[in-house]
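**Student:** Chains as they are written, first to last, in my numbering: chain A, 1 to 222; chain B, 1001 to 1389.
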Amino acid sequence: MWGLDFSTLDWNEIGVASLDTLKILVSSAIFTFLLGLPLGVVLYQSSRSSSGWVRTVYTVLSIIVNILRSVPFIILIVALIPITVSIVGVSYGVLGTIPPLVIGAAPFFARLVETSLREVDRGVLEAAQSMGASTWQVIMKVLLPEARPGLFAGITITIVTLVSYTAMSGMVGGGGLGDLAIRYGYYRYQNEVMIISVLFMIILVQLLQMAGDRLVKHFTRK
Amino acid sequence: MADEKGSDFVYEEPFLIPSRGLFIFVCYRLGTVESDRCCTGTCSKGTGKESFGLIELKQVTKKYGKGAKTTEALSSLDLSVRKGEIFGVIGHSGAGKSTLIRCMNLLERPTSGEVWVDGVDLTKLSKQQLQSKRRGIGMIFQHFNLLSSATVYENIAFPLRLAHMDKEKLAAKVDDLLQLVGLEDHKDKYPAQLSGGQKQRVGIARALASDPQVLLCDEATSALDPQTTDSILRLLVDINQKFHLTIVLITHEMHVIQSICDRVAVIHQGGIVEQGAVTDVFLKPKHPVTREFILGQAGESAQLALDAPHDGSSRLCKLTFLGQKTYDSILSRTARETGVDFAILQGTISKIKDIPYGQLIVRLEGDPGQIEKTIQRVTAEGLDVEVLD
């Protein structure tokens, strides 16, 4: 069909690549979450503060986040190689892909967190304050639970973005399906590999989005 | 009801007086001193009698903005709320009433002035001290401000969890509160599944969970329909009596003040323009803003009465009955005796909280001497007479 021959496909390699993609996704998603969530909370809290120096902290953080978000990811990967090596020891493969992914996606996720925290009704925060809640209690028991649907939507968007980032990291030998699609499919004109890889990624994104939507729906109480 | 002007005993409460501050004299009737003094201490069950300020605002000023754009929401405002009473603050939107009530638990920090609650100046407390003090001050809101992600049960349990109450005690407490506000059947629902009145009941239960001494109500019924408003007001009166809980409410509806408040303050442009027992303020308003609020209820018919024809041989009077006198036939009895006729041009007979009152505008007709005599007689009988022409 269309001059394609799927019989020569190395399914073993596709299986390994799929698994790599999942490994990269899961671990970078976890680290993105662990880094981005507190960063988002700090952004939100500091933007509301009345104290001058806290506002300065906000401005500085905000500029850093903007810079990290404006650098094209492919350039970020290369620029971060020294840092990547110092963290995981290598700059390629599954391990070498994770640090740049996290550094690229965490600021993005932090902004999404900040936005969804802003959606939380200020009256509810005030009510908690009036009951004697400390700032920490307000964050943990009111802000984050109330923002849960928005946070899950943000996580879903971030993970889907990570899927496309993993493909880009294929350019520098990052491993996974994107790597496969570029190395075999694009460089070696093996369209079959490219099509299958892309197809798998489409399915992956669909599944992730559906799962995310269900979570959001489950936690929406309004 | 205590009458601040007419009281015969002046008591100076030493610990409420800051060294450099203003002397507050709180007056109340002789004979209640002993029990009142008890109420300011640790005893939780009061005697039902009024006492000196549980909440005292002293020279509270709140400014917003900086420099030339500064607006003053409250200006050097003094206010005293007694233990166990339901105190109402009425004012138009923008008068500063919301800022005022939010100053009472420091959700809004005054630019200057002192906020004393139960003998403690909140403005001097550290962050932690303020947090623990706030547990003794419940608050309910116009838009309820419930956690949308938590069930009714969890919402009520929230302040208890903040205070790390142990599980069994918490469950028992929440069940009691659910019963108090009549929401036992709804405990697993989320706020979005409740009606406005039910949401406010959750708000009330949540505010009561930490056994506060004071309940602040920020326009608590303004988002509710009239029937629901009444049921919430009844609930507030119930808890006021049951727990001897001091309630401060702000509203723009005279009806709310009239139904449940003991005392009222009228706020206008950031200052208190009139305050006192609701019966006094309501029946004999002095400030134009107060009049406006009260006339808002019966404005047209009062005007109608003043437009009614009358000449030299008749007089227009406003008679005010208060308390048990409302039920007496003072007017017809006196008129029969003096031979004066009367026409009722406008009238209200109702209740202020649980005190019956009547206010009639009547035209007295007949011999001028006899009319004068009638006025003297009914005044002697205890009615308040205001000659309008």
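Glycine residues also receive a C-beta, built at the ideal position from the N, C-alpha and C atoms.
So with CB distances below 8 Å, who are the chain B contacts of Val124 (chain A)?
**Tutor:** In chain order: Asn1145, Leu1146, Leu1147, Ser1148.
**Student:** Rounded to whole angstroms, what's the CA-CA distance from Phe1394 (chain B) to Val142 (chain A)? Just pull it up for me.
**Tutor:** Any question about residue 1394 (chain B) goes unanswered here, given that chain B covers just 1001 to 1389.
**Student:** Beta-carbon separation of Ser28 (chain A) and Val102 (chain A) under 8 Å?
**Tutor:** Against a cut-off of 8 Å, the Cβ pair of Val102 (chain A) and Ser28 (chain A) comes out as a contact.
**Student:** Helix, strand or coil, according to DSSP, for Met1394 (chain B) in the structure here?
**Tutor:** The requested residue 1394 (chain B) is not part of the displayed model; chain B covers only 1001 to 1389.
**Student:** Quick one: which residues of the region 1110 to 1144 of chain B get their C-beta closer than 7 Å to a C-beta of chain A? List them in chain order.
**Tutor:** From the region 1110 to 1144 of chain B, only Gln1131, Ser1132, Arg1134, Arg1135, Met1139, Phe1141, His1143 have a Cβ closer than 7 Å to chain A.
**Student:** Considering only the alpha carbon of each residue, which of B:Leu1107, B:Ala1220, B:Val1089 lies closest to Gln1200 (chain B)?
**Tutor:** Comparing Cα-Cα distances from Gln1200 (chain B) to each of B:Leu1107, B:Ala1220, B:Val1089, the minimum goes to B:Ala1220.
**Student:** According to DSSP, is Phe1009 (chain B) helix, strand or coil?
**Tutor:** Here the model assigns Phe1009 (chain B) a pLDDT of 44, short of 50, so the residue's position is not dependable, and the following value carries that caveat. Looking at Phe1009 (chain B) - three-state DSSP - the assignment turns out to be coil, as it is neither helix nor strand.
**Student:** Taking 8 Å as the cut-off, does the region 15 to 27 of chain A touch the region 162 to 169 of chain A (at least 3 CB pairs, one atom from each stretch)?
**Tutor:** The region 162 to 169 of chain A is in contact with the region 15 to 27 of chain A.
**Student:** Around the Cβ of Gln1193 (chain B), are there at least 16 other Cβ atoms within 10 angstroms (buried) or fewer (exposed)?
**Tutor:** Counting Cβ neighbours within 10 Å, Gln1193 (chain B) comes out exposed, since fewer than 16 surround it.
**Student:** List the whole-angstrom C-beta distance separating Ala1207 (chain B) from Gly1138 (chain B), where the pair is believed to meet the contact cut-off of C-beta under 8 Å.
**Tutor:** That pair is a contact at about 3 Å.
**Student:** Alpha carbon to alpha carbon, how far is Ala17 (chain A) from Ser1132 (chain B)? Give it in angstroms, no decimals.
**Tutor:** For Ser1132 (chain B) and Ala17 (chain A), the distance between alpha carbons rounds to 56 Å.
**Student:** Around the C-beta of Lys1066 (chain B), are 16 or more other C-beta atoms found within 10 angstroms, so that it is buried, or is it exposed?
**Tutor:** Under this definition Lys1066 (chain B) is an exposed residue.
**Student:** Give the DSSP-derived three-state secondary structure of Ala147 (chain A) in the structure shown.
**Tutor:** It is coil, neither helix nor strand.
**Student:** Mind pulling the chain B residues with CB within less than 7 Å of Glu146 (chain A)?
**Tutor:** In chain order: Leu1147, Ser1148, Ser1149.
**Student:** Within 8 Å of any Cβ in chain A, is that where the Cβ of Leu1107 (chain B) sits?
**Tutor:** True, the Cβ-Cβ gap to chain A drops below 8 Å.
**Student:** Let me check understanding here. Comparing Cα to Cα, which of B:Ile1375, B:Ser1222, B:Lys1083 lies closest to Gln1213 (chain B)?
**Tutor:** Out of B:Ile1375, B:Ser1222, B:Lys1083, B:Lys1083 has the C-alpha closest to the C-alpha of Gln1213 (chain B).
**Student:** Would you decide whether Cys1039 (chain B) is buried or exposed? Buried here means 16 or more other CB atoms lie within 10 Å of its CB.
**Tutor:** Low confidence applies here, because Cys1039 (chain B) scores a pLDDT of 34, under 50, leaving its location unreliable; read the following figure in that light. Classification for Cys1039 (chain B): buried.
**Student:** Using beta-carbon positions only, say whether Leu1079 (chain B) and Gly1271 (chain B) come within less than 8 Å of one another.
**Tutor:** Going by C-beta atoms, Leu1079 (chain B) is not nearer than 8 Å to Gly1271 (chain B).
**Student:** Would you be able to state if there are at least three C-beta pairs under 8 Å between the region 1159 to 1166 of chain B and the region 1104 to 1115 of chain B?
**Tutor:** These segments do not touch.
**Student:** Is Pro100 (chain A) closer than 8 Å to Leu80 (chain A) when the C-beta atoms are compared?
**Tutor:** Contact: yes.
**Student:** Between the alpha carbons of Leu43 (chain A) and Leu34 (chain A), how many angstroms are there, rounded?
**Tutor:** Taking the straight line from one Cα to the other gives about 15 Å.
**Student:** From the DSSP output, in three-state form, read off Val71 (chain A) for me.
**Tutor:** If DSSP states are grouped into helix, strand and coil, Val71 (chain A) belongs with coil.
**Student:** Quick one: is Asn12 (chain A) buried, meaning 16 or more other Cβ sit within 10 Å of its Cβ, or exposed?
**Tutor:** Classification of Asn12 (chain A): exposed, given that the 10 Å Cβ count is below 16.
**Student:** Taking only three categories from DSSP, how would you classify His1092 (chain B)?
**Tutor:** His1092 (chain B) falls in the coil class under three-state DSSP.
**Student:** Determine the closest residue to Gln1310 (chain B) out of B:Leu1364, B:His1287, B:Ala1265, with distance taken between C-alpha atoms.
**Tutor:** Note on identity: in this sequence residue 1310 (chain B) is His, with Gln being the wrong assignment. Measuring from the Cα of His1310 (chain B), the nearest candidate turns out to be B:Leu1364.
**Student:** When DSSP labels each residue in this structure, what does Pro1285 (chain B) get in the three-state scheme?
**Tutor:** DSSP places Pro1285 (chain B) in coil when its eight states are reduced to three.
**Student:** So Thr1326 (chain B) packs on Ile1349 (chain B), CB below 8 Å; how close in whole Å?
**Tutor:** About 7 Å; that satisfies the 8 Å criterion.
**Student:** Is there a Cβ from chain A that is less than 8 Å from the Cβ of Ser1098 (chain B)?
**Tutor:** By this cut-off, Ser1098 (chain B) is not an interface position.
**Student:** Counting only C-beta atoms, is Ala1073 (chain B) closer than 8 Å to chain A at any point?
**Tutor:** No, Ala1073 (chain B) lies away from the interface with chain A (no Cβ there is under 8 Å from its Cβ).
**Student:** What did DSSP end up calling Ser1314 (chain B) once you bin it into helix, strand or coil?
**Tutor:** The answer is strand: DSSP assigns Ser1314 (chain B) an E or B state.
**Student:** What do you get for Lys222 (chain A), buried or exposed, if any count of 16 or more other CB atoms within 10 angstroms of its CB means buried?
**Tutor:** So Lys222 (chain A) ends up on the exposed side.
**Student:** Which residues bound the beta strand (DSSP E) around Pro1356 (chain B)?
**Tutor:** Its beta strand (DSSP E) spans residues 1355 to 1365.
**Student:** Strictly by DSSP, which residues pair up with Thr1251 (chain B)?
**Tutor:** BP columns for Thr1251 (chain B) point to B:Ile1090.
**Student:** Along chain A, in chain order, which residues have C-beta atoms closer than 8 Å to that of Tyr1398 (chain B)?
**Tutor:** For residue 1398 (chain B) there is no data in the structure shown, the boundaries of chain B being 1001 and 1389.
**Student:** Using a beta-carbon distance below 8 Å, is Leu215 (chain A) in contact with chain B?
**Tutor:** Judged by the 8 Å Cβ criterion, Leu215 (chain A) is not in contact with chain B.
**Student:** Bridge partners of Val1060 (chain B), per DSSP?
**Tutor:** Val1060 (chain B) pairs with B:Leu1077.
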